[in-house]
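J.: Below is the structure I would like to discuss, written out as structure tokens.
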Amino acid sequence: MTESPRTAALAGPVIGQEPDFLRALPTDNVVGAVVALTAEVYMLRERLSALEAELESRRVLPAGAVEHHRAAPDVEQARQRDLAAMTQRVLSELTRDRTPTSTVDPDVAKYLRPYEDLQKS
Amino acid sequence: MNAVFNRGRDSERVDAPLALEESRDFRSYHAFLRSARNFMEGPLIAAMHRNYERTLAAAGAPEPSTWREAEATLDGLTEYQFYSWCFRNLQRFKYSRPDLGIFAAVHAQRDRLAPALEAAARSAGPDLALDPSLEVPEYFRYVPFHQHTGGVANDELDGMVYEIGRRTTVPSHSDPNGIYRILFDALPKDRSYARVLDWGVGHGAALITWQELHPESECYGVDLSAPCLKLAHKRALERGMRLKLSQQDLEHMNFPDGHFDLVFFNFMLHEVPPSNTRALLAEARRVLRPGGLFAGHEFHLRPGDPFQNALQYSHAWLNNETYAAPWYSTPIGDIARDVGFSKVRIEPFERLIRSVPRSPGEQGKAITPNHWNLYVFER
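Chains as they are written, first to last, in my numbering: chain A, 6 to 126; chain B, 496 to 874.
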């Protein structure tokens with residue numbers, strides 16, 4: 006029911022496959038969002054860097070403590086698992102199955118008749 | 496208060512608060528999704544509307560007179576395409592993404608959450624009447640509303656998933672119970688509400704909010720979903736409340752005629768198909784005393800606003816609000832009169848309608864992410 010010659014306007018419930026809303030989205034816009042996200046990441050890096058410097062200057066941490074930090078083996082293993090999970094979360098979007106996570110039953114069409122039509126029949 | 500101890504593990508009280516243990520990542524992930532949804536419902540709609548008007552003006556086209564004409568123009572706009580992606584996929588991100596989606600987070604804690612809900616349900620006595628033999632209506636099984644995979648009556652933890660998911664149902668309201676208070680505040684205050692029914696009580700938040708505001712009321716809640724009812728019961732226990740909850744089909748309830756002073760609902764009408772609307776209203780009227788009120792709020796079209804109405808129709812398909820499409824053309828007021836309601840009031844619910852800020856100096860009709868009506872039918 007979602008087959009439509011249009012771009013994003015659906016003609017019925019999503020059944021069978023997820024719609025492709027953004028097939029006409031200009032690449033420039035996607036790049037714009039990526040650059041904006043990059044700026045956000047940089048701002049976070051800069052704040053972390055400032056935080057490290059402050060902690061070092063106040064002698065809360067010794068100089069280079071973060072840079073030279075080596076995690077205990079169990080902590081390192083947890084980090085590796087965290088990295089793998091994060092990678093999966095982000096990159097699985099590129100390969101995700103287009104089957105809807107929640108599928109409307111195709112037989113729903115019989116419940117979509119307007120009230121006026123029901124009164125006539 | 497009844498006995499409130501879990502019979503299996505006496506050290507744990509069944510009225511102890513039960514919550515998902517949320518990691519820092521879970522909290523910040525969902526905070527971001529909420530912010531993204533606010534972007535979608537605010538600046539993105541405003542930008543879409545600007546481009547819509549520019550596009551019509553550039554084409555020398557007249558103002559669309561129908562939502563379908565408006566949709567045809569919107570369909571070519573990048574803003575509308577991204578809006579559609581956001582509506583569909585932010586909901587998917589919320590529920591179904593690995594690790595941080597609500598399903599993953601809740602199911603990872605099944606061993607703690609499910610027994611606590613079950614223990615509370617076992618302690619309920621007559622306050623919680625479940626009916627395992629209840630035949631759930633076909634229309635309800637066909638549609639996983641709001642992209643809640645499997646629907647809200649499938650898994651023992653569906654009530655918790657539903658409850659957590661509502662945080663972004665109306666993201667502009669920072670207090671998710673605020674929409675209930677606004678509804679209750681709009682009801683006539685010159686009457687007694689001794690016995691009240693929440694028509695589709697779900698996770699119980701609305702009925703609990705009512706009971707907090709009206710401690711004198713005897714509060715009932717009906718729903719098709721056993722997992723939701725169990726959670727509603729648990730939430731009531733946590734607050735020292737006694738709600739009378741039962742699993743029933745709203746078309747065939749076991750209450751006597753004229754039992755309630757008020758039957759209220761929260762956006763329920765668009766979740767049922769037109770084929771069932773009349774029977775549902777007739778049954779709601781039957782359980783009301785003469786003069787009793789059937790009242791609630793609901794999404795609807797905005798007269799004379801094709802742009803807004805194209806958005807309203809898009810919600811039906813984008814978010815599995817499937818029956819919203821035929822709901823918009825269902826003459827609910829006429830049906831209410833036909834089944835015997837003596838007074839029928841339907842009006843825009845201005846306190847719920849949030850206007851999207853426009854650019855400085857920009858004129859025109861208000862734009863809103865959702866149009867709401869208030870329905871008050873008197874028996």
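Quick reminder that beta carbons are idealized off the backbone N, C-alpha and C, glycines included.
Remember, predicted model here, so these are calculated numbers, not experimental data.
(1) Among residues of its own chain, excluding the 5 on either side of A/E121, which ones have a beta-carbon nearer than 8 Å to its beta-carbon?
(2) Check whether the Cβ of A/A83 lies closer than 7 Å to any Cβ atom in chain B.
(3) For the segment 89-102 of chain A, which residues have a beta carbon sitting closer than 8 Å to at least one beta carbon of chain B?
(4) Given 8 Å as the limit, is there contact between the segment 803-818 of chain B and the segment 719-730 of chain B, that is, 3 or more CB pairs closer than that?
(5) Quick check on A/V39: buried or exposed, where buried means 16 or more other Cβ atoms within 10 Å of its Cβ?
(6) By alpha-carbon positions, which one of B/G697, B/V767, B/L678 and B/D520 ends up nearest to B/Y634?
(7) Using C-beta distances below 6 Å, list every residue in its chain close to B/Q742, excluding the 5 sequence neighbours before and after it, in chain order.
(8) Where does B/Y691 sit, in a helix, a strand or coil, going by DSSP?
(9) Taking Cβ to Cβ, would you say B/V758 is nearer than 7 Å to B/F789?
(10) Let me check understanding here. Comparing Cα to Cα, which of B/D594, B/F588 and B/L569 lies closest to A/M91?
(11) Which one or two residues does DSSP pair with B/P843 in a beta bridge?
(12) How about the segment 96-106 of chain A and the segment 11-23 of chain A: do they share at least three Cβ pairs that are nearer than 8 Å?
(13) Pick out the complete alpha helix (DSSP H) segments inside the segment 782-817 of chain B, 4 residues or longer, and give them in chain order.
(14) Measuring straight from C-alpha to C-alpha, what distance separates B/A861 and B/E711?
(15) Within its chain, find whatever has a CB closer than 7 Å to the CB of A/A29; leave out the 5 residues flanking it on each side and keep chain order.
(16) Can you tell me where the alpha helix (DSSP H) with A/V109 in it begins and where it stops?
(17) Would you call A/V113 buried or exposed, if buried means 16 or more other Cβ atoms sit within 10 Å of its Cβ?
(18) Can you confirm whether A/E61, when its beta carbon is compared against all beta carbons of chain B, has any partner nearer than 7 Å?
(19) Interface residues of chain A around B/F836 at Cβ under 9 Å?
(20) Got a sec? Which residues, its chain only, sit under 8 Å from A/L49 by beta carbon, not counting five neighbours each side?
(21) Starting from the C-beta of B/D756, find all residues in its chain whose C-beta is less than 7 Å away, skip the five residues before and the five after it, and write them out in chain order.
(22) Anything in chain A within Cβ reach of B/G523, meaning under 7 Å, just list it in chain order.
(23) Answer with buried or exposed for B/E566, where buried requires no fewer than 16 other C-beta atoms within 10 angstroms of its C-beta.
(24) Nearest to B/E517 by CA position, among B/R545, B/Q604 and B/A511, is which residue?
(25) Got a sec: is the Cβ-Cβ distance from A/S54 to anything in chain B below 7 Å?
(26) What distance in whole Å lies between the Cβ atoms of B/M655 and B/L515, which are believed to be in contact at a cut-off of 8 Å?
(27) If you run the structure through DSSP and keep just helix, strand and coil, what is B/L652?
(28) Determine the closest residue to B/P610 out of B/P559, B/R508 and B/K589, with distance taken between C-alpha atoms.
(29) Quick one: list the residues of chain A neighbouring B/V638, beta-carbon separation under 8 Å, in chain order.
(30) Check whether the segment 526-543 of chain B touches the segment 567-580 of chain B, counting contact only when three or more Cβ pairs, one atom from each stretch, lie closer than 8 Å.
(31) Is B/G716 helix, strand or coil when you go by DSSP?
(32) Excluding five sequence neighbours on each side, which residues of the same chain lie with their C-beta closer than 8 Å to the C-beta of B/V601?
(33) Could you tell me whether any Cβ in chain A is nearer than 7 Å to the Cβ of B/D570?
(34) Check whether chain A comes within 7 Å of B/Y575, counting only Cβ atoms and requiring the distance to be less than that.
(35) Near B/A779, what residues of its chain come up, given a Cβ to Cβ distance below 7 Å and the 5 sequence neighbours on each side ignored?
(36) Any idea what DSSP makes of B/S530, helix, strand or coil?
T.: Let me spell this out:
(1) As a first step, residue 121 of chain A must be located in the first sequence, where it is residue number 116. None.
(2) Taking the first sequence and counting its residues from 1, one reaches residue 83 of chain A at position 78. For A/A83, the answer is no, since every Cβ of chain B falls outside 7 Å of its Cβ.
(3) A90, Q93, R94 and S97: these are the residues of the segment 89-102 of chain A whose beta carbon lies less than 8 Å from some beta carbon of chain B, given in chain order.
(4) Between the segment 803-818 of chain B and the segment 719-730 of chain B, the count of C-beta pairs closer than 8 Å stays below three; the two stretches do not touch.
(5) Position 34 of the first sequence holds residue 39 of chain A. Flag for A/V39 reads exposed.
(6) Reading the second sequence from its first residue, position 139 is the one you call residue 634 of chain B. The shortest Cα separation from B/Y634 among B/G697, B/V767, B/L678 and B/D520 belongs to B/V767.
(7) To locate residue 742 of chain B, count along the second sequence from 1; it is residue 247. Within its own chain, the residues whose Cβ lies closer than 6 Å to the Cβ of B/Q742, once the five positions on either side in sequence are excluded, are L625, D626, L629, A721 and L724, listed in chain order.
(8) Position 196 of the second sequence, counted from the first residue, corresponds to residue 691 of chain B. What sits at residue 691 of chain B in the sequence shown is Val, not Tyr. Looking at B/V691 - three-state DSSP - the assignment turns out to be strand.
(9) The count along the second sequence starts at 1 and reaches residue 758 of chain B at position 263. The count along the second sequence starts at 1 and reaches residue 789 of chain B at position 294. Remark: C-beta atoms of B/V758 and B/F789 approach each other more closely than 7 Å.
(10) As a first step, residue 91 of chain A must be located in the first sequence, where it is residue number 86. Proximity to A/M91 across B/D594, B/F588 and B/L569 peaks at B/D594, based on C-alpha coordinates.
(11) Here residue 843 of chain B refers to the residue found at position 348 when the second sequence is read from its first residue. According to DSSP, B/P843 bridges with B/N868.
(12) Contact holds: three or more Cβ-Cβ distances are below 8 Å.
(13) Runs of the alpha helix (DSSP H) inside the segment 782-817 of chain B: 801-813.
(14) Here residue 861 of chain B is taken as the residue at index 366 of the second sequence, counted from 1. Here residue 711 of chain B is taken as the residue at index 216 of the second sequence, counted from 1. Their backbone Cα atoms lie some 40 Å apart in a straight line.
(15) Position 24 of the first sequence, counting from 1, holds the residue named residue 29 of chain A. Spatial neighbours of A/A29 in its own chain (CB-CB distance under 7 Å, excluding positions within 5 residues in sequence) are listed in chain order as T12.
(16) By one-based count along the first sequence, residue 109 of chain A stands at place 104. Element bounds for A/V109: n/a, residue is neither H nor E.
(17) Looking up residue 113 of chain A in the first sequence gives position 108. With 16 or more other Cβ atoms inside 10 Å of its own Cβ, A/V113 counts as buried.
(18) Translated into positions along the first sequence, residue 61 of chain A becomes position 56. By this cut-off, A/E61 is not an interface position.
(19) By 1-based counting over the second sequence, the position of residue 836 of chain B is 341. Within 9 Å Cβ-Cβ: nothing; B/F836 doesn't reach chain A, min ~17 Å.
(20) Start at 1 with the first residue of the first sequence, and residue 49 of chain A comes out as number 44. Answer for A/L49: no residue qualifies.
(21) Here residue 756 of chain B corresponds to residue number 261 of the second sequence, with the count starting at 1. A distance below 7 Å between beta-carbons, with the five flanking residues on each side excluded, links B/D756 to the following residues of its chain, in chain order: S687, Y688, A689, R690, V691, R784 and G787.
(22) By one-based count along the second sequence, residue 523 of chain B stands at place 28. Before going on, a small fix: residue 523 of chain B reads as Ser here, not Gly. Chain A residues near B/S523: none, gap ~12 Å exceeds 7 Å.
(23) Working through the second sequence from its first residue, we reach residue 566 of chain B at position 71. Result: buried.
(24) Here residue 517 of chain B refers to the residue found at position 22 of the second sequence. Closest by alpha carbon: B/Q604.
(25) Indexing the first sequence from 1 puts residue 54 of chain A at position 49. Put simply, the CB of A/S54 is far from chain B, with every gap to its CB atoms at 7 Å or more.
(26) The residue labelled residue 515 of chain B in the question sits at position 20 within the second sequence. The residue labelled residue 655 of chain B in the question sits at position 160 within the second sequence. Going by Cβ atoms, the distance from B/L515 to B/M655 rounds to 7 Å, so yes, they are a contact pair.
(27) Here residue 652 of chain B corresponds to residue number 157 of the second sequence, with the count starting at 1. In the structure shown, B/L652 falls within a coil segment according to DSSP collapsed to helix, strand and coil.
(28) Position 115 of the second sequence, counting from 1, holds the residue named residue 610 of chain B. B/R508 is the residue among B/P559, B/R508 and B/K589 whose C-alpha sits nearest the C-alpha of B/P610.
(29) Locating residue 638 of chain B in the second sequence gives position 143, where the first residue counts as 1. Taking the beta carbon of B/V638 as reference, the chain A residues within 8 Å of it are P18, V109, D110 and V113, listed in sequence order.
(30) Output reads yes: the segment 567-580 of chain B touches the segment 526-543 of chain B.
(31) Reading the second sequence from its first residue, position 221 is the one you call residue 716 of chain B. DSSP places B/G716 within a strand segment (E or B) once states are collapsed to three.
(32) Within the second sequence, numbered from 1, the residue matching residue 601 of chain B stands at position 106. Contacts found: L515, L608, L652, M655, V656 and I659.
(33) On the second sequence, position 75 is the one that residue 570 of chain B refers to. Output row for B/D570: interface = yes.
(34) Within the second sequence, numbered from 1, the residue matching residue 575 of chain B stands at position 80. Answer yes: the Cβ-Cβ gap between B/Y575 and chain A drops below 7 Å somewhere.
(35) Position 284 of the second sequence, counting from 1, holds the residue named residue 779 of chain B. The beta carbon of B/A779 sits closer than 7 Å to the beta carbons of W694, V758 and F789 from its chain, once the five residues preceding and following it are set aside; these are given in chain order.
(36) The residue given as residue 530 of chain B occupies position 35 in the second sequence. The answer is helix: DSSP assigns B/S530 an H, G or I state.
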